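Student:
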Amino acid sequence: MRLSQMLFVTLREDPAEAEIPSHKLLVRAGYIRRIGSGIYSYLPLMWRVLHKISQIVREEMNAAGAQECLLPQLQPSELWKESGRWDTYTKAEGIMFALIDRQDREVGLGPTHEEVITTIARDMIRSYRQLPQNLYQIQTKFRDEIRPRFGLMRGREFIMKDAYSFDADEAGMKVTYQKMHTAYCKILTRTGLKFRAVDADSGAIGGSGSQEFMVLAEAGEDEVLYTEDGKYAANVEKAIALPPDVVTSPFSSYEKRETPGTETIEKVCKFLKCSPTNVVKNVLYQAVFDSGITALVLVHIRGDQDVNDVKLQNELTKLADQFGGKTVISLTVPDAEAQQKWAAKSLPLGYISPAIADDYIKASKEIASKFVRFVDQTVTDLENFVTGADESGYHVVGANWEKEFQKPALVVDVRKAKAGDRAVHDPSQTLQTARGIEIGHIFQLGTKYSQAMNATYTNEQGEEMPLVMGCYGIGVSRLAQAAVEQSYDKDGIIFPVAIAPYHAVVVIPNVNDADQVSAAEKLYAELNQAGVETLLDDRNERAGVKFKDSELIGIPYRIVTGKSLKDGKVEVVQRATKAVQELALDQVVPTLKQWVTEALHS
Numbered sequence: 031m032r033l034s035q036m037l038f039v040t041l042r043e044d045p046a047e048a049e050i051p052s053h054k055l056l057v058r059a060g061y062i063r064r065i066g067s068g069i070y071s072y073l074p075l076m077w078r079v080l081h082k083i084s085q086i087v088r089e090e091m092n093a094a095g096a097q098e099c100l101l102p103q104l105q106p107s108e109l110w111k112e113s114g115r116w117d118t119y120t121k122a123e124g125i126m127f128a129l130i131d132r133q134d135r136e137v138g139l140g141p142t143h144e145e146v147i148t149t150i151a152r153d154m155i156r157s158y159r160q161l162p163q164n165l166y167q168i169q170t171k172f173r174d175e176i177r178p179r180f181g182l183m184r185g186r187e188f189i190m191k192d193a194y195s196f197d198a199d200e201a202g203m204k205v206t207y208q209k210m211h212t213a214y215c216k217i218l219t220r221t222g223l224k225f226r227a228v229d230a231d232s233g234a235i236g237g238s239g240s241q242e243f244m245v246l247a248e249a250g251e252d253e254v255l256y257t258e259d260g261k262y263a264a265n266v267e268k269a270i271a272l273p274p275d276v277v278t279s280p281f282s283s284y285e286k287r288e289t290p291g292t293e294t295i296e297k298v299c300k301f302l303k304c305s306p307t308n309v310v311k312n313v314l315y316q317a318v319f320d321s322g323i324t325a326l327v328l329v330h331i332r333g334d335q336d337v338n339d340v341k342l343q344n345e346l347t348k349l350a351d352q353f354g355g356k357t358v359i360s361l362t363v364p365d366a367e368a369q370q371k372w373a374a375k376s377l378p379l380g381y382i383s384p385a386i387a388d389d390y391i392k393a394s395k396e397i398a399s400k401f402v403r404f405v406d407q408t409v410t411d412l413e414n415f416v417t418g419a420d421e422s423g424y425h426v427v428g429a430n431w432e433k434e435f436q437k438p439a440l441v442v443d444v445r446k447a448k449a450g451d452r453a454v455h456d457p458s459q460t461l462q463t464a465r466g467i468e469i470g471h472i473f474q475l476g477t478k479y480s481q482a483m484n485a486t487y488t489n490e491q492g493e494e495m496p497l498v499m500g501c502y503g504i505g506v507s508r509l510a511q512a513a514v515e516q517s518y519d520k521d522g523i524i525f526p527v528a529i530a531p532y533h534a535v536v537v538i539p540n541v542n543d544a545d546q547v548s549a550a551e552k553l554y555a556e557l558n559q560a561g562v563e564t565l566l567d568d569r570n571e572r573a574g575v576k577f578k579d580s581e582l583i584g585i586p587y588r589i590v591t592g593k594s595l596k597d598g599k600v601e602v603v604q605r606a607t608k609a610v611q612e613l614a615l616d617q618v619v620p621t622l623k624q625w626v627t628e629a630l631h632s
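According to this note's numbering, the stretch in the sequence shown is residues 31 to 632, in order.
Next up, the structure:
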């Protein structure tokens, strides 16, 4: 492609709405343009990048035995109501664009396609002889993000590959799941990105287990905790670890003490001269279920630890049926205004005890009449601990479970693991931290959707059995931007060869110099014919502008038909290293072809 004929406009200044480097660079380099909040157009250079990523995905999915199809973006609400997710996606998470058509039917724009694919399987898969099956698609998805940001990282419209597998049993599903794990590793390796596969929370998709594939980058929204032995890695939402050891309590007998102005852990520990590991912290939450019922939640956790809200929400979801619902649509720390709605009497915040009475709640048909009480594993064996006394300005010391306080029946792990914690699999290993961008997620769905939607097959014994499912997604457009976030410098983007829009660019410093033009035209034609995808910068611009643009857009190799032509040579610059060398004209094509081949197969 000739740049003189291309829709190609670069910017020297960062766009006002862009927050992170990759977003700024993709706009400045002419890859994307913002059309509305969270809505972007993919311009010619970006479309080539997306096509290359999609092709790598296709090749590896096909090699793993998956079959490509295309599912509808517009989905009837009835399917989502069958699975029980309509309210979750339109009310709880609120990420589905839902509308009413002219026949007064509810429909939604697909953020994901479990319901659609399960309907197809229910209609078409009858016998175990048809199993296993794995179907995938690459298409646009829609999510009504509350705060779209970071360009393609969190947009309201994006390109995604999603696949769905069907097996006869859990063992078969795990075989398919492992195939997809391998395929994802191959996809990311081929794109040239540094990545890590980590254990993850399954969220609204559900299932018994899942893994995220993280592209490592400082601007990543997710925190990854891992061990250097390579045997453990998890998203911080899912991570488990051993907490620091408890310091022996300085208290040997139970008593109530006046502790004025000690509403925080730090202040009470300083006042009482004890360790935060000696404190039972009582954290208050307000959970709203999809039934409309609000429950007040007390979490008893060690003073040096924090509650992981994702883990807590998962534990509450297990109790949803007790409140007439299926899921939690909101989990917050209640402010003063919220407390006024349900507090029968003023709560001694900062001084709550594990035994605070249920009569603090002004029960109604919207408010559960009792606290939901969870005790975290970090305090189940704590002895002679410090905790609140249910009276502002007072704590108790030397307290023990089953003596001064009854231990709640719901013992859970809701602590937030953090860097420096000891690993569960090997306490000699400590958790390290890294930032990551989630670009892939694979799920062991099991029978969650097939049972809800009655998608069954007949086994060898003639019995009707639910299909066992897996789900596997890759954000194609997100991966493109993640590549930029992982690799750039002060001059612009550094695209890996495998997904760069073009492998090389031939720059004519002076378009009025016939020799420069002739040599450039010849190299441009021969490189493309040899399979080296090449741009020709034949614009009537200053050489410095052309060099800056080539660095900004991140083309891996730049060939300059400049002053060296008089010696029968051209200058070749490698974008990643900025290494410069002169090559004889007859060596340019074989050398570039070799470099590209090596990069694609390394």
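C-beta: ideal position from N, C-alpha, C; glycine also. Computed from a predicted structure; not experimentally measured.
Specify the secondary structure class of R88 as computed by DSSP and reduced to three states.
Tutor: Along the sequence shown, one-based indexing puts residue 88 at 58. Of the three classes helix, strand and coil, the one that applies to R88 here is helix, per DSSP.
Student: Jot down the residue ranges of each uninterrupted beta strand (DSSP E) in the region 366-409, minimum 3 residues, whole runs only, in chain order.
Tutor: 402-406
Student: As a quick exercise: from I529, D567 and E136, pick the residue whose alpha carbon is nearest that of M36.
Tutor: Here residue 36 corresponds to residue number 6 of the sequence shown, with the count starting at 1. Here the closest residue by C-alpha is D567.
Student: Could you name the residues of the same chain whose beta carbon sits closer than 6 Å to that of F38, not counting the 5 residues immediately before and after it, in chain order?
Tutor: Position 8 of the sequence shown, counted from the start, is the residue given in the question as residue 38. For F38, where only same-chain residues beyond five positions count, the Cβ hits under 6 Å are G60.
Student: Whole angstroms is fine: what's the gap from E123's alpha carbon to G354's?
Tutor: Position 93 of the sequence shown, counted from the first residue, corresponds to residue 123. Position 324 of the sequence shown, counted from the first residue, corresponds to residue 354. Taking the straight line from one Cα to the other gives about 18 Å.
Student: What does DSSP give as the partner residue(s) for Y587 in the beta ladder?
Tutor: As a position in the sequence shown, residue 587 is number 557, starting the count at 1. DSSP output for Y587 lists A534 and Q604 as bridge partner(s).
Student: Taking the alpha-carbon positions, what's the K303 to P290 distance?
Tutor: Numbered from 1 along the sequence shown, position 273 holds the residue referred to as residue 303. Numbered from 1 along the sequence shown, position 260 holds the residue referred to as residue 290. If you draw a straight line from the Cα of K303 to the Cα of P290, it comes to about 14 Å.
Student: When the Cα atoms are used, what is the spatial distance from D579 to T40?
Tutor: Counted from its first residue, the sequence shown places residue 579 at position 549. Counted from its first residue, the sequence shown places residue 40 at position 10. If I take the Cα positions, the gap works out to 7 Å.
Student: Check each candidate in R42, R64 and S195 and name the one with the smallest Cα separation from A94.
Tutor: Position 64 of the sequence shown holds residue 94. Among R42, R64 and S195, the Cα nearest to that of A94 is on S195.
Student: If distances are taken between C-alpha atoms only, which option among I155, Q169 and T170 comes closest to Q163?
Tutor: By one-based count along the sequence shown, residue 163 stands at place 133. Among I155, Q169 and T170, the Cα nearest to that of Q163 is on I155.
Student: Ends of the alpha helix (DSSP H) at Y207?
Tutor: Looking up residue 207 in the sequence shown gives position 177. First-last of the alpha helix (DSSP H) with Y207: E200 to T221.
Student: In angstroms, rounded to a whole number, what distance separates the CA positions of R184 and T221?
Tutor: The sequence position of residue 184 within the sequence shown is 154, counting from 1. The sequence position of residue 221 within the sequence shown is 191, counting from 1. Each residue's alpha carbon lies about 21 Å from the other.
Student: Give me the DSSP bridge partner(s) of D252.
Tutor: Taking the first residue of the sequence shown as position 1, residue 252 is located at position 222. In the DSSP output, where bridge partners are listed per residue, D252 has G466.
Student: Which residue's Cα is closest to the Cα of G68: S240, C501 and R177?
Tutor: Locating residue 68 in the sequence shown gives position 38, counting from the first residue. Checked all of S240, C501 and R177; the closest Cα to G68 is R177.
Student: Can you pull the DSSP bridge partners for S240?
Tutor: Position 210 of the sequence shown, counted from the first residue, corresponds to residue 240. S240 is bridged to F473.
Student: Closest by CA to A512, which one among L223, F435 and N265?
Tutor: Within the sequence shown, numbered from 1, the residue matching residue 512 stands at position 482. Measuring from the Cα of A512, the nearest candidate turns out to be L223.
Student: Counting along the chain, where does the alpha helix (DSSP H) carrying C299 start and finish?
Tutor: By 1-based counting over the sequence shown, the position of residue 299 is 269. It spans I295 to L302 - the alpha helix (DSSP H) in which C299 sits, taken as one unbroken run.
Student: Hey, S305 and V277 are a contact pair by Cβ (cut 8 Å); roughly how many whole angstroms apart?
Tutor: As a first step, residue 305 is located in the sequence shown; it is residue number 275 there, counting from the start. As a first step, residue 277 is located in the sequence shown; it is residue number 247 there, counting from the start. About 4 Å; that satisfies the 8 Å criterion.
Student: Which complete beta strand (DSSP E) runs does the region 508-562 hold, if anything under 3 residues is left out?
Tutor: Runs of the beta strand (DSSP E) lying entirely within the region 508-562 and spanning at least 3 residues, in chain order: 534-537.
Student: Between which two residues does the beta strand (DSSP E) containing D566 stretch?
Tutor: Residue 566 sits at position 536 when you count from the first residue of the sequence shown. Checking the sequence, you will find Leu at residue 566 rather than Asp. Per DSSP, L566 belongs to the beta strand (DSSP E) from T564 to D567.
Student: So within the region 279-366, which uninterrupted alpha helix (DSSP H) runs reach at least 4 residues, ignoring any that extend past its ends?
Tutor: 295-302 and 339-347
Student: In this structure, how does DSSP classify Y119 when only helix, strand and coil are distinguished?
Tutor: Here residue 119 corresponds to residue number 89 of the sequence shown, with the count starting at 1. Helix.
Student: Do E145 and L100 come within 8 Å of each other at the CB atom, strictly closer than that value?
Tutor: Position 70 of the sequence shown, counted from the start, is the residue given in the question as residue 100. Position 115 of the sequence shown, counted from the start, is the residue given in the question as residue 145. Not a contact, by the Cβ cut-off of 8 Å.
Student: If distances are taken between C-alpha atoms only, which option among C215, Y207, A247 and L246 comes closest to S240?
Tutor: Counting from 1 along the sequence shown, the entry for residue 240 is found at position 210. When each option's Cα is compared against that of S240, the closest is Y207.
Student: Would you say A534 and I589 are within 8 Å of each other, going by their C-beta atoms?
Tutor: Taking the first residue of the sequence shown as position 1, residue 534 is located at position 504. Taking the first residue of the sequence shown as position 1, residue 589 is located at position 559. Against a cut-off of 8 Å, the Cβ pair of I589 and A534 comes out as a contact.
Student: What residue range does the beta strand (DSSP E) around H425 cover?
Tutor: Counted from its first residue, the sequence shown places residue 425 at position 395. Segment Y424 to A429, the beta strand (DSSP E) holding H425.
Student: Look up Y487 in the DSSP assignment and give the residues it is bridged to.
Tutor: Counted from its first residue, the sequence shown places residue 487 at position 457. Its beta-bridge partners are M495.
Student: Within this structure, are the beta carbons of L80 and V506 separated by less than 8 Å?
Tutor: For the purposes of this step, residue 80 is taken as the residue at position 50 of the sequence shown. For the purposes of this step, residue 506 is taken as the residue at position 476 of the sequence shown. Going by C-beta atoms, L80 is nearer than 8 Å to V506.
Student: Under a three-way DSSP split, which group does Q103 fall into?
Tutor: Walking along the sequence shown from the start, residue 103 turns up at place 73. Correct three-state label for Q103: coil.
Student: Closer than 7 Å by C-beta to I50: which residues in its own chain qualify, once you throw out the five before and the five after it? Chain order, please.
Tutor: For this step, residue 50 is matched to residue 20 along the sequence shown. Hits under 7 Å: F180, A249 and E515.
Student: Over the uninterrupted alpha helix (DSSP H) stretch that includes Y479, give me the two end residues.
Tutor: The residue labelled residue 479 in the question sits at position 449 within the sequence shown. Segment K478 to A482, the alpha helix (DSSP H) holding Y479.
Student: Using only CA atoms, which one of S594, L104 and V310 lies nearest to D131?
Tutor: Residue mapping note: residue 131 aligns to position 101 of the sequence shown, counting from 1. Of S594, L104 and V310, the residue nearest in Cα terms is L104.
Student: Out of curiosity, what's the CA-to-CA distance linking S594 and L630?
Tutor: Within the sequence shown, residue 594 is the residue found at index 564, counting from 1. Within the sequence shown, residue 630 is the residue found at index 600, counting from 1. Using only the alpha carbons, I get a separation of about 29 Å.
Student: Are the beta-carbon atoms belonging to P384 and T410 less than 8 Å from one another?
Tutor: Walking along the sequence shown from the start, residue 384 turns up at place 354. Walking along the sequence shown from the start, residue 410 turns up at place 380. No, they are not a contact pair.
Student: Using C-beta distances below 7 Å, list every residue in its chain close to F225, excluding the 5 sequence neighbours before and after it, in chain order.
Tutor: If you number the sequence shown from 1, residue 225 lands on position 195. Spatial neighbours of F225 in its own chain (CB-CB distance under 7 Å, excluding positions within 5 residues in sequence) are listed in chain order as L218, F243, M244, V245 and L246.
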